[in-house]
Every structure is written in C-alpha cells, then in structure tokens.
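Numbering (my numbering), first residue to last: 103 to 287. The structure appears below as structure tokens.
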DNA sequence: TAACTAGCTTCTTATATAACAATGCATG
DNA sequence: CATGCATTGTTATATAAGAAGCTAGTTA
C-alpha cells in the first residue's frame with residue numbers, strides 16, 4: 103500500500119505571542135530571525151518534526167510521519183509552552199492535519215511518454231528536461247501524484263489518508279489494466 | 001493615493017534527473 | 001608534481017499544505 107512520509111498540520115493557540123521572549127527563554131531550541139522569516143522555529147529534538155510558531159499564536163508542524171506523531175508533537179509543544187505560562191485560549195484553540203505526503207510503488211517499470219498520453223494531457227504533464235516525473239492531477243481526487251519511471255509514486259495534497267489511498271489505488275489499478283490489455287494484443 | 005490582491009519568502013518529505021563542485025586516485 | 005578521469009556530494013528542477021510579512025501590480 104502507501105507509506106506516509108510527511109505530515110503537515112496547523113493549529114492556533116488563540117492568543118498573541120511575544121516571539122522575542124520565547125526565543126530568549128528557549129534559546130537552545132528556538133531559532134527566530136524576523137529579518138529572514140516571520141515565524142520562529144522550535145526544534146523539539148533531533149529527528150523530531152519541526153514546529154514553526156507565529157506572532158498570532160498560530161503554528162505549523164512539518165516532518166511528522168503519521169497523524170499520531172503530529173498529535174504528540176502538538177502535545178509536547180503545549181506542555182513546553184505551559185511550562186512558560188503560555189496556555190491556549192479555551193475557545194479559540196484548534197488543530198488540524200493539512201497535508202499528507204505519501205509514497206507508493208506500482209512495482210513496474212513505466213514508459214512515462216506513453217503513460218502521460220494515456221492519463222490525458224489536460225490533467226497530467228511530463229517534461230523530463232524540467233523534472234523526471236509525471237505530474238498527475240486526477241479529477242475527483244484532491245491529491246496530486248508524481249509518477250516516476252521506476253514505478254514509484256508520490257501522493258501529496260491529501261487532507262486524510264483515505265483520499266491519498268484512493269487516489270493511489272485508482273492509478274495502480276488503471277496502470278495494471280493497461281498492462282493486462284497489452285498482453286492481449 | 002489608498003486599498004486590495006497576488007506571488008514570493010521559510011520548512012518538511014518522498015521521488016529522480018542533470019549539472020555542477022570537490023575530492024580521490026592513478027598515470028605520465 | 002601535474003593533469004585526467006572517476007566517484008562522491010550538493011544543488012537545482014516539481015508537488016502539496018500551513019503560516020506572516022514583504023513587494024509588486026492593479027483597481028477604484
């Protein structure tokens with residue numbers, strides 16, 4: 103099936119933050135350079151997801167490999183902030199998964215020149231001199247798939263794993279049908 | 001001229017190509 | 001010791017999504 107390789111989530115504490123103070127109190131794990139970027143990066147640990155937190159109290163988590171890891175990263179963040187007397191507003195606090203990046207494998211060597219035409223040139227593009235994979239935007243799916251000659255597929259843009267799974271399954275079955283039909287020729 | 005909108009910045013992650021830089025090793 | 005080739009390493013290309021803030025361009 104497919105494997106989740108990255109999860110992006112966002113949330114809000116529902117209150118304004120003083121990023122300068124946060125950077126001072128947590129200087130060993132916080133990187134804040136407003137000249138470069140308005141968000142402050144919080145490194146909760148090596149190989150842990152990255153938290154980027156903003157003046158407005160909103161934050162994003164990137165680099166988790168499951169919903170569970172994104173959730174636990176949020177818990178760690180809230181605990182850390184509560185240690186510094188920052189508590190989320192009870193009514194304006196929210197958190198949601200925004201994007202799943204998944205990897206699938208068709209387990210076949212693919213002819214991308216032929217596949218891009220079969221998939222339809224209006225919903226897929228293949229410019230090997232620009233990028234080695236097909237960019238496929240299937241209708242009825244909210245995901246974008248990157249398809250490579252090796253058969254590896256990246257499914258990105260899904261807000262839940264099921265929609266990513268469905269998008270991959272549809273492509274997987276479609277390609278296998280192509281091979282089945284070829285064998286009848 | 002002010003207000004608005006769009007597009008870019010930062011980061012993460014897999015995938016796979018080319019183009020480049022830098023280094024290692026061998027031969028002249 | 002210098003030059004050539006090979007290997008390794010890094011960067012770019014493209015994708016999605018969130019966030020705040022900046023700039024550029026358009027419109028009233």
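We put the CB at the ideal spot given by N, CA and C, even for glycine. Just so it is clear, the structure is predicted and the values come from calculations on it, not from any experiment.
The Cβ-Cβ distance between residue 180 and residue 163 does not fall below 9 Å. In this structure residue 205 is in contact with residue 256, their Cβ atoms being roughly 6 Å apart against a cut-off of 8 Å. Residue 184: member of the alpha helix (DSSP H) spanning 169-185, first to last residue.
Residue state for residue 198 is assigned as strand, using DSSP reduced to three classes.
Residue 106 and residue 268 have their alpha carbons spaced roughly 14 Å apart.
Residue 278 and residue 271 have their alpha carbons spaced roughly 10 Å apart. In this structure, residue 208 lies near residue 273, with their beta-carbon atoms less than 9 Å apart. Taking the Cα of residue 259 as reference, the smallest distance to any Cα among 201, 184, 155 is reached at 201.
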